[in-house]
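*Asks:* Below is one structure. I have some questions about it.
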Amino acid sequence: MNRSRRWSKPACFVALVLLANAALYFSAQADSAFIRDIAFKIAPPGTPDVEVVRAVSRYVRDEIYHPTREEVEHFPFWVRLNYLYNPFRIGPRPILEYGTHHLGPCQSNSRAFMALLAAHGISSRMVVQHDANLLGLHSVIEVDYAGTHGIVGPTNGVIYQHEDGRPATLKELHKDRDLFVRNAVTGFAYGWGPNGKEYTVPLPYDLYNFDYAYYFNYKWLGALRWPAYKALVAIWGENGPYLPVRPLWYTYPKYTCMVVLDAGVIGAGFLLWAGRRLRRRFAKATIPVKPADKPILPRERRSQHEELMHV
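Take the sequence shown: its letter number 179 is residue 178 in numbering that gives the first Met the number 0, and every next letter is one higher.
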């Protein structure tokens with residue numbers, strides 16, 4: 000086979016993967032510019048971080064729409080596919096344009112909140128509130144501002160803080176039930192659909208609490224969640240369950256697609272390479288050796304020499 004033809008298919012495949020990466024990357028950059036424009040309308044550049052957090056929190060609760068499933072069915076074709084079939088859920092831009100995911104607003108609001116803060120240079124990370132069976136129920140955000148890591152619930156517009164205005168941290172809310180309840184009762188979310196603003200939904204703080212709130216959704220581990228949780232506690236103590244962190248790129252599904260695509264290609268390439276190596280090694284081991292090709296051992300060489308001496 001011609002060497003150039005032999006490498007043509009792999010080269011085309013690599014080119015397609017690179018094109019897919021480029022398309023996802025530049026699309027994500029365009030989304031960032033769109034998000035930045037909205038973020039700077041909410042709070043102009045140079046606004047103190049505390050004011051940015053307050054303004055963005057109000058915007059996410061009051062301005063992001065909560066569409067019903069019926070409304071999603073009438074979205075533009077590609078948007079509808081994104082809402083209904085994207086396994087990584089929707090990203091910040093479609094959330095800001097069309098509204099939250101129809102199956103639950105908390106992750107959508109959290110992604111939009113994090114992206115709007117990132118446009119102002121404020122870092123944050125998602126926190127998942129679990130039930131007593133370690134199944135994720137609700138998400139809030141840990142924000143790096145005011146010299147600490149304060150918790151904000153953008154879906155319900157709750158900025159958890161002490162009575163003196165200091166941001167409340169994740170572990171403080173875990174240990175101090177009164178601190179949590181005092182803030183939680185102030186939170187509410189709007190309803191769904193065109194008439195959603197006509198009624199509000201109070202924060203169900205009896206379910207959405209910080210008894211089991213961590214940076215990772217242990218629900219992803221399925222039946223292994225409790226063994227993993229107990230192992231973390233056994234090795235690192237009470238800080239163990241806080242160690243797994245949901246990767247930041249998961250907040251942006253286009254970057255998630257890039258990571259999954261590239262990991263799949265690299266993994267498939269490695270398996271193909273390893274399989275080819277094994278096949279070659281197995282083929283060499285099973286090729287029959289012709290008598291003429293057999294190496295002459297020293298003992299056989301000596302016996303042949305003795306036969307020649309007696310001729």
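Virtual Cβ for every residue (Gly too), placed ideally from N, Cα, C.
1. If contact is defined by three or more beta carbon pairs under 8 Å, each pair taking one atom from either stretch, is the segment 189-209 in contact with the segment 117-124?
2. So, with DSSP's three-state summary, where would you put E72?
3. Between C256 and L95, how many whole angstroms is the CB-CB distance? I'm expecting something under 8 Å.
4. Could you tell me if F215 is buried or exposed, where buried requires 16 or more neighbouring beta carbons within 10 angstroms of its beta carbon?
5. Please list, in chain order, all residues of the same chain as G190 whose beta carbon is under 6 Å from its beta carbon, the five residues on each side excluded.
6. Roughly how many angstroms separate the alpha carbons of N132 and G103, rounded to a whole number?
7. Looking only at its own chain, which residues have a Cβ that is under 6 Å from the Cβ of Q128, when we skip the five neighbours before and after it?
8. Cβ atoms of Y254 and W248: under 8 Å apart, would you say?
9. Roughly how far, in whole angstroms, is the beta-carbon of A183 from the beta-carbon of T154, given that I think they are within contact range, below 8 Å?
10. Let me know the alpha helix (DSSP H) ranges lying completely inside the segment 104-139, each 4 residues or longer, listed in chain order.
11. Could you pull the start and end residues of the alpha helix (DSSP H) that F87 belongs to?
12. For the structure I just gave you, are there three or more beta carbon pairs, one from the segment 44-59 and one from the segment 140-160, closer than 8 Å?
13. Check each candidate in H161, V52, Y159 and name the one with the smallest Cα separation from M113.
14. Classify D30: buried if its beta carbon has 16 or more other beta carbons within 10 angstroms, exposed otherwise.
15. Measuring straight from C-alpha to C-alpha, what distance separates D175 and H148?
16. Residue range of the alpha helix (DSSP H) that A222 falls in?
17. Have a look at the DSSP bridge pairing and note the partners of E141.
18. According to the neighbour-count rule (16 or more other Cβ atoms, all chains shown, within 10 Å of its Cβ), is L15 buried or exposed?
19. So, is V317 buried or exposed, given that buried needs 16 or more other C-beta atoms within 10 angstroms?
20. Tell me, please, which residues DSSP counts as bridged to A14.
21. In the DSSP assignment, find the alpha helix (DSSP H) that holds A183 and state where it starts and stops.
22. Looking at G90 and Y64, is the spacing between their C-beta atoms short of 8 Å?
23. Please confirm whether P252 and R88 have their CB atoms less than 8 Å apart.
24. Where does A32 fall in DSSP's three states?
25. Look at the alpha carbon of R279 and the alpha carbon of V258, and state the distance between them as a whole number of angstroms.
26. Once DSSP output is grouped into helix, strand and coil, what is the label at Y254?
27. Please state whether the Cβ-Cβ distance between V59 and N108 is less than 8 Å.
28. I'd like the span of the alpha helix (DSSP H) that includes Y58, first residue to last.
29. Quick check on this structure: which residue in L169, R276, R165, T67 has the alpha carbon closest to the alpha carbon of P193?
*Replies:* By the coordinates alone:
1. no
2. coil
3. Incorrect: roughly 19 Å between the Cβ atoms, too far for contact.
4. buried
5. Within the same chain, Y198 come within 6 Å of G190 by CB-CB distance, once the 5 residues on both sides are set aside.
6. For N132 and G103, the distance between alpha carbons rounds to 20 Å.
7. L136, H137, Y207, A212
8. yes
9. Their Cβ separation, rounded to whole angstroms, is 12 Å, which puts A183 and T154 out of contact at 8 Å.
10. Within the segment 104-139, the runs of alpha helix (DSSP H) at least 4 residues long that lie entirely inside it are, in chain order, 104-118.
11. Counting along the chain, F87 falls outside any alpha helix (DSSP H), and DSSP gives it neither H nor E.
12. yes
13. For the residues H161, V52, Y159, the minimum Cα distance to M113 belongs to V52.
14. buried
15. 16 Å
16. Premise fails: A222 is in no alpha helix (DSSP H) and is neither H nor E.
17. R124, I150
18. If you draw a 10 Å sphere on the C-beta of L15, you find fewer than 16 other C-beta atoms in it, and that means exposed.
19. Residue 317 lies beyond the stretch modelled for the chain, which goes from 0 to 310, so this question has no answer here.
20. BP columns for A14 are empty, so no partner.
21. 176-183
22. no
23. yes
24. helix
25. 32 Å
26. Helix at Y254.
27. yes
28. 48-62
29. T67
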